[in-house]
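Worksheet for the structure shown next.
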Amino acid sequence: MSYRRRKNSKGKSTVAFILIVLIIGIMAYAGSYGITLGGYRFKPFTETINRGLDLQGGVSLLEEIKSDNVDQKTIDRTIELISMRVNKLGVSETTVTREGKKRIRIEIPGKFDAKEVIDSVGKTGELKFVGPDKKVILTGKDVKDATSYIGEQDNKPTIGLELNTSGAKKFADATKKFIGQPIAIYMDDEMLTNPTVNTQITDGKAVITGSKSLEEAKRQASIIKSGALPVAVKAVEAKTVGATLGANALPLSIKAGAIGVGLIFLFMILYYRVPGFLADIALVLYIILVLGTFSTINATLTLSGIAGLLLTIGMAVDANVLIFERIREELKTGKSIKSSLESGYHRALSSILDSNTTTIIAAIVLYNLGSGAVKGFALTLMIGIVLSMFTAVIITRTLLRVGYNMGILSKLSCFRVKRREE
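The sequence shown begins at 70 in the working numbering and counts up by one.
Below, the structure written as structure tokens:
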């Protein structure tokens, strides 16, 4: 009866092991090359993960606040409005960060026309609605919202304008007075659009047509919505990072990462043998989970992010090393393999939690106090550490249990232990 139970347990564990390896293998293939199931295509990570300026090139713009005495609240508001303008360009991986006391760095990956970027996001002066009598009707303070879309009736690019209470009253008076005449919208001295009033607008909601394209309507709507900045800023530096840099950096980074990970896998197998092989399977799942998380949260991967990823792979291996060494110590005291697996995990767990917790705290500090590449590194580090603990403590442990029940961990030589110490 006992023999039958062991045989059934071995069979179930073998099936479970094959399924685990098969699922991880399918996930790895899908992440690397993509896969189509039931008419739905799962894109590879190379298509779903955003790449930063240093990997794909783009425009880097440095703006400086002209005023000398500016408080933190004003700077934060300026960054918020500039970020609103930048992100309305439709480039989701843009970054707007403070640099020094009075400077703001804007990085837009995938864009290579610096002049176009400055024209689109560098509007720093006053937004105003001007009537045919050259008098200002509204300013940016009167605007509540502005959106862009394709009109359902005429199928043309359209801007939807919504005003606040005070703006709605002023606009109602102006549209009544200037029916059949244009009311121009200016940012500084540049006219954004010059629509003609067709009827009086009393509810504070207007529709502006005449944009040449939806992209132009988006740009105009973002400028109208963001209004005027609380302080004047000027562009002091604008540079284009060529796509060649990204084209060279990304393949080299991937190659270096693949070599490093490959050496780690080889070391684990040569030094820890069967447990090392099982740990490598868990590490493959770990890499898939990290890249999948980046894709899910629309994180932007930079060179510093790749460095953080490789560092967390090393830390994931370190957790396995602690566990395996503890297991070997337990085996050398004369305990059974099954007992050593359990006690080794329990003894190593506190060390793993302590070391990773301190690193997470450091990453949180870096993320909150740093900017740009430092934030990217910190975010990658935090995600990687959390997932590395999950794979080391849960997945590797499960694989070792399954391996023991299968019989591939039934000998001390599997753990590189030659004899038990009395």
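Ideal placement from N, C-alpha and C gives every residue a C-beta, glycine not left out.
At what residues does the beta strand (DSSP E) containing residue i begin and finish?
{"i": "R167", "result": "T164 to E168"}
{"i": "V492", "result": "The requested residue 492 is not part of the displayed model; the chain covers only 70 to 491."}
{"i": "D387", "result": "Premise fails: D387 lies in the alpha helix (DSSP H), L372 to K401, not in any beta strand (DSSP E)."}
{"i": "E231", "result": "P226 to L232"}
{"i": "D272", "result": "First-last for D272: undefined, no H or E at that position."}
{"i": "L130", "result": "G127 to I134"}
{"i": "D214", "result": "V212 to I219"}
{"i": "A307", "result": "V302 to V310"}
By how many angstroms is the C-alpha of residue j removed from the C-alpha of residue i?
{"i": "I167", "j": "I134", "result": "Residue 167 is actually Arg in this sequence, not Ile. Cα-Cα distance, rounded: 11 Å."}
{"i": "R466", "j": "D182", "result": "52 Å"}
{"i": "I396", "j": "G107", "result": "45 Å"}
{"i": "S17", "j": "T105", "result": "Here the chain comprises residues numbered 70 to 491, so residue 17 is not present and cannot be evaluated."}
{"i": "K171", "j": "T460", "result": "44 Å"}
{"i": "A85", "j": "L321", "result": "37 Å"}
{"i": "Y414", "j": "V462", "result": "8 Å"}
{"i": "D387", "j": "L379", "result": "12 Å"}
{"i": "I382", "j": "Y102", "result": "22 Å"}
{"i": "I429", "j": "T449", "result": "11 Å"}
{"i": "K142", "j": "R174", "result": "17 Å"}
{"i": "L456", "j": "Y355", "result": "7 Å"}
{"i": "L372", "j": "I93", "result": "26 Å"}
{"i": "S479", "j": "P344", "result": "12 Å"}
{"i": "N138", "j": "I144", "result": "11 Å"}
{"i": "S152", "j": "V165", "result": "6 Å"}
{"i": "V160", "j": "G331", "result": "Because V160 sits at a pLDDT of 41, beneath the cut-off of 50, its placement in the model cannot be relied upon, and the point is left open."}
{"i": "T365", "j": "K238", "result": "44 Å"}
{"i": "L130", "j": "T208", "result": "27 Å"}
{"i": "P113", "j": "A99", "result": "6 Å"}
Assuming residue i and residue j make a contact with CB atoms under 8 Å, what is their CB distance in whole Å?
{"i": "V359", "j": "G453", "result": "6 Å"}
{"i": "E399", "j": "S412", "result": "5 Å"}
{"i": "N474", "j": "K79", "result": "6 Å"}
{"i": "V302", "j": "T147", "result": "7 Å"}
{"i": "V266", "j": "I254", "result": "About 12 Å separates the two Cβ atoms, so there is no contact after all."}
{"i": "I228", "j": "A307", "result": "Actually they are not in contact, since the Cβ atoms of I228 and A307 sit about 28 Å apart, beyond 8 Å."}
{"i": "A241", "j": "I206", "result": "With a Cβ gap of about 11 Å, A241 and I206 do not count as contacting."}
{"i": "F484", "j": "A376", "result": "Wrong, their Cβ atoms sit about 33 Å apart, outside the cutoff."}
Along the chain, where does the alpha helix (DSSP H) containing residue i start, and where does it finish?
{"i": "R416", "result": "I406 to L438"}
{"i": "T117", "result": "F114 to T117"}
Does any residue of chain C bring its CB to less than 8 Å from the CB of residue i?
{"i": "I433", "result": "The structure shown contains no chain C; it holds only a single protein chain."}
According to DSSP, which residues form a beta bridge with residue i?
{"i": "G492", "result": "No answer is possible for residue 492: it lies beyond the span of the chain, which begins at 70 and ends at 491."}
{"i": "D242", "result": "The partner list for D242 (beta bridge, DSSP) is empty, contrary to what the question assumes."}
{"i": "M260", "result": "Y255"}
{"i": "V205", "result": "V199"}
> Are the region 427–440 and the region 338–354 touching by the rule of at least three beta carbon pairs closer than 8 Å?
Replying inline: no
>> Measuring CB atoms only, is the region 342–355 touching the region 376–393, in the sense that at least three cross pairs come out at less than 8 Å?
In response: yes
> Touching or not, the region 286–293 and the region 205–217, by the rule of three or more beta carbon pairs under 8 Å?
Replying inline: yes
>> Count Cβ pairs between the region 264–277 and the region 225–234 that sit closer than 8 Å; are there 3 or more?
In response: yes
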